[in-house]
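What follows is one structure encoded as C-alpha cells, with my remarks underneath.
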Amino acid sequence: MRKTSSFALLIVLMSILSMIFISFLSKQTALVSIEHYVKFGNILLILFSTATIALFIKELFLSNVISVKPAPKALLILSLSLLLVLSIFQKQVGIIATSIFILISISYAIINRKIYTPNRVYIFIVIYALLQLFGTIGTVKGFRFPDMSFSFYLIPISFYCFRIEKTVLLQIMRFFFRAMLIYMAITLIFWYFNMQFLNIGFLEWMKQKVLTNGFNAYYWTNSWTNYMHPSYISLVLFPALFSGLYLYYKKLETSKISKFELLVFIFFSIASQIAMQSRIGIVCIAFILTISFFYYLKLRTKFFKWGIFTTVILIGISFVILGNKVDGFITDPVRKMDSTLAINYIKSHPWWGAGYHQEALALSSQQEISKDKITIVPNVKTYTHNEFLGDTVQFGVLGLIVLLILLFGLLRYSVISKSFLLQQFFCLYFIFMLIEEPLYVQEGITRFMVFLAFFIHLSECDHPIKSIELWKRLPKSEPAK
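Following this line, the structure appears as C-alpha cells:
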C-alpha cells in the first residue's frame with residue numbers, strides 16, 4: 032500500500048472496528064441507547080476536532096507549508112484552512128470562522144501594504160447583492176443593508192488581500208479533502224450507533240422518511256455536529272469531492288492523493304447521502320462523477336466524443352425505463368405545494384415581488400387566497416425551495432433576470448478559465464438551486480462565497496495579476512504564483 036493510501040486505509044479500518052465495537056456494546060451492555068446517544072455524539076465531536084488538528088499539523092506544519100516565521104502568513108494559511116473545514120458546521124461557527132479569516136486577511140494586506148485587483152466576475156456578485164439591498168425598500172423593516180449580504184462583499188475583498196502559491200493552495204485543498212473524509216467516517220459511525228438502538232435495518236431506514244419521535248433520518252445521522260440540514264452539509268462535502276478528483280488528476284508530488292483514497296471518499300460520500308436520505312445528493316454525485324469522467328476522457332484518451340454519445344444514450348434509456356419513478360424521486364408534496372403557491376403569487380406580482388426576505392409572508396398570503404383551489408399540505412412556510420422561483424417571488428422578473436445574469440457570468444468565467452473546479456461548482460449550485468435557495472440563507476451564502484472565492488483564487492495562480500501598493504496610485508503586474 033502506497034504512503035498516499037495509508038490515511039484512507041486507516042480511516043476505513045477505524046470505521047469498521049468502531050462499528051464492530053458498537054455491535055458488541057449493543058448486545059452486551061445498555062450503553063447503546065437513546066439515553067446515551069447525545070453523549071456519544073459529543074465524544075465523536077471531540078474525536079473529529081482532535082483528528083482534524085492532528086491532520087492539520089501533519090499536512091501543513093510537518094510538511095513545512097506553515098512555519099512560525101513569518102507569523103502573518105502562517106496565520107493566514109491557518110485561518111483559510113479552518114474556514115474551509117468549519118463551513119460544514121452550523122451558521123454561528125461559519126460566521127466566526129469567516130470573521131477571523133476576513134480580519135487576518137485584511138491585517139495581512141495592511142502589514143504588506145499591498146492588495147490585488149479583483150476578478151471582473153465579482154461584478155455579477157455585486158449586482159446581485161445590490162438587488163438584495165434595494166429589495167428591502169417597501170418591506171416591513173424598511174430600507175436597510177441586509178446583514179447576510181456582507182458575505183457577498185467581504186469574502187471576495189479578503190481573497191484579494193493576499194496571494195498564496197499554488198502548491199500551498201493545493202496542500203490546503205488536500206487537508207480539506209481529508210478532513211471531510213474524517214467527517215463522513217464519524218457521521219457513518221454515529222448513524223450505525225443510532226440504527227442499533229432504534230432497531231432499524233438498512234432497507235427499512237431507506238423506506239421511512241420519518242423514523243421515530245418525529246425526527247427525520249438526517250437528525251439521527253448529523254446531530255453529533257449540532258447541524259443537520261443535508262443539503263447545506265452536501266454543499267461542503269461535494270466541493271471536497273471534486274477537489275479530490277482535481278488533485279488526483281494533477282498528481283503533484285506535494286498534494287497528490289491515491290486512487291484508493293479517492294474511491295474511499297466516493298464510497299463514503301454515497302453512503303453519507305444514503306444515510307441522510309438525500310435524493311438530490313445522490314443525483315449530484317452522479318453529475319460530479321460524470322463530468323469528471325468526461326474530463327478524464329478529454330485529458331487522457333481520444334474517446335471524449337464517444338463518451339458523451341454513450342452517456343446521452345444511457346441517460347435516455349434510464350428515463351424510458353424509470354420514467355414513471357423519476358417524478359416521485361425528485362419531488363415531494365411540500366415542495367410541490369410551495370412551488371404552486373410561488374407560481375400563483377408571481378402571476379399576480381410579475382414586475383416586483385414581496386421584497387427582500389419576504390417569501391414566507393408571500394407564500395402564506397397566497398395560501399390563504401388559494402386554499403379553496405389547491406390541495407394544502409400543512410407545513411410552516413419558510414421559502415419556496417427553488418432559487419429561481421424564490422428570487423422572482425422576492426424581486427419579480429427583474430430578480431430572475433439578475434440571478435440568470437449572475438449564473439451566466441460564473442459559467443462564462445469557468446469555461447474561459449478552463450477551470451475544472453469552477454465548472455463543477457457551477458453545476459453543483461445550479462442543481463441545488465432547483466430544490467433549495469442557497470442565496471436566501473446565511474449558511475448557503477457563506478458556503479457559496481467561500482468556495483467560489485477559493486476556486487477563483489486558485490484559477491488565477493497561473494496568470495499574472497495586478498497588485499496595488501497601498502497609498503500609491505500606479506498598479507503593477509505580479510507574476511503568477
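FYI, the numbering for the sequence shown is 32 to 512, going by this note's numbering.
Ideal placement from N, C-alpha and C gives every residue a C-beta, glycine not left out.
Model, not experiment: these values are computed from the prediction.
query = Counting along the chain, where does the alpha helix (DSSP H) carrying Ile487 start and finish?
reply = Counting along the chain, the alpha helix (DSSP H) containing Ile487 begins and ends at 473-490.
task = Give me the Cβ distance between Phe208 and Ser274, rounded to the nearest whole Å; I'm assuming they're in contact under 8 Å.
result = 5 Å
message = Tell me the rounded alpha-carbon separation between Phe486 and Glu399.
response = 44 Å
key: Identity of the residue in Leu431, Leu115, Phe221 nearest Met50 by Cα   = Phe221
Where Asn230 falls, given that 16 or more other Cβ within 10 Å makes a residue buried = exposed
query = For Tyr147, which three-state DSSP category applies?
reply = The answer is strand: DSSP assigns Tyr147 an E or B state.
inquiry  = Taking only three categories from DSSP, how would you classify Phe246?
reply    = In the three-state DSSP reduction, Phe246 falls in the strand class (E or B).
key: Inside the segment 259-288 only - beta strand (DSSP E) runs reaching at least 3 residues   = Residue ranges of uninterrupted beta strand (DSSP E) with 3 or more members are absent from the segment 259-288; none lies entirely inside it.
inquiry  = Taking a contact to mean a Cβ-Cβ separation below 8 Å, would you say Glu390 touches Gly427 in this structure?
reply    = no
4 or more residues per run - each alpha helix (DSSP H) lying fully within the segment 53-87 = Taking only runs of at least 4 residues, the alpha helix (DSSP H) segments lying wholly in the segment 53-87 are 68-87.
ask   = Is Gly125 closer than 8 Å to Ser118 when the C-beta atoms are compared?
value = yes
key: Ordered list of alpha helix (DSSP H) runs contained in the segment 360-405, each at least 4 residues   = 364-379, 390-401
message = One question on the structure: do Leu431 and Phe419 come within less than 8 Å of each other, judged by their Cβ atoms?
response = yes
task = Over the uninterrupted beta strand (DSSP E) stretch that includes Glu500, give me the two end residues.
result = In this chain, the beta strand (DSSP E) harbouring Glu500 covers 496-500.
inquiry  = I need the DSSP call for Gly166, collapsed to helix, strand or coil.
reply    = Coil, per DSSP.
inquiry  = Does Ser37 come out as helix, strand or coil in the three-state DSSP assignment?
reply    = helix
task = Return yes when the Cβ of Phe456 is within less than 8 Å of the Cβ of Ile482, no when it is not.
result = Contrary to the premise, residue 482 reads as Phe rather than Ile in this sequence. Less than 8 Å separates the beta-carbon of Phe482 from that of Phe456.
task = Kindly list the residues whose CB is nearer than 8 Å to the CB of Leu505, restricted to its own chain and excluding five residues on each side of it in sequence; keep chain order.
result = Only weak support is given to the placement of Leu505: the predicted model assigns it a pLDDT of 49, under 50, and the value that follows is read from those uncertain coordinates. There are no such residues.
key: Spatial neighbours of Tyr249 in its chain, beta-carbon cut-off 6 Å, leaving aside the 5 residues before and after   = Residues Met259, Pro261, Met307 of the same chain have their beta carbon placed closer than 6 Å to that of Tyr249, with the five preceding and five following residues left out of the count.
task = Label Ile154 either buried or exposed according to how many other C-beta atoms from any shown protein chain fall within 10 Å of its C-beta, with 16 as the threshold for buried.
result = Around the beta carbon of Ile154, fewer than 16 other beta carbons sit within 10 angstroms, so the residue counts as exposed.
query = Just to confirm, are Leu111 and Phe132 a CB contact at a threshold of 8 Å?
reply = yes
inquiry  = Assuming contact is defined by CB atoms lying nearer than 8 Å, are Ile213 and Ile42 in contact in what I supplied?
reply    = Yes, the pair counts as a contact, with Cβ atoms nearer than the cut-off.
message = Using a Cβ-Cβ cutoff of less than 8 Å, which residues in the same chain neighbour Arg144 once the five nearest sequence positions on both sides are dropped?
response = Glu500, Leu501, Trp502
request  = Would you kindly work out how many angstroms separate the C-alpha atoms of Ser445 and Leu453, rounded to a whole number?
outcome  = Each residue's Cα considered, the two are about 5 Å apart.
query = Taking Cβ positions, are Thr83 and Thr477 nearer each other than 8 Å?
reply = no
request  = Let me know the secondary structure DSSP gives Tyr414 once reduced to three states.
outcome  = coil
request  = Report the residue from Leu200, Ile316, Ser289, Lys58 whose alpha carbon sits nearest the alpha carbon of Ile301.
outcome  = Ile316
ask   = First and last residue of the alpha helix (DSSP H) that includes Asn215?
value = Contrary to the premise, residue 215 reads as Met rather than Asn in this sequence. Note, Met215: alpha helix (DSSP H), 197-229.
message = Taking the beta carbon of Pro187 as the centre, do at least 16 other beta carbons fall within 10 Å, making it buried, or is it exposed?
response = buried
query = So Gly386 packs on Thr423, CB below 8 Å; how close in whole Å?
reply = About 13 Å; that fails the 8 Å criterion.
task = Buried or exposed for Ala373, please, with buried defined as at least 16 other CB atoms from any protein chain shown within 10 angstroms of its CB.
result = buried
key: Pairwise C-alpha distance: Val63 and Val267   = 30 Å
query = DSSP state of Leu465, grouped into three classes?
reply = Secondary structure of Leu465 (DSSP, three-state): coil.
inquiry  = With the cut-off set at 8 Å, would you say Ala39 and Val295 are in Cβ contact?
reply    = In terms of Cβ geometry, Ala39 and Val295 form a close pair [threshold 8 Å].
query = If you follow the alpha helix (DSSP H) that Phe181 is part of, which residue opens it and which one closes it?
reply = 181-190
query = Residues in its own chain within less than 7 Å of Phe360 by CB, not counting five upstream and five downstream?
reply = Residue confidence for Phe360 is low, a pLDDT of 44 falling below 50, so the modelled location carries little weight; the figure read from the coordinates is stated next. Here the set comprises Arg310.
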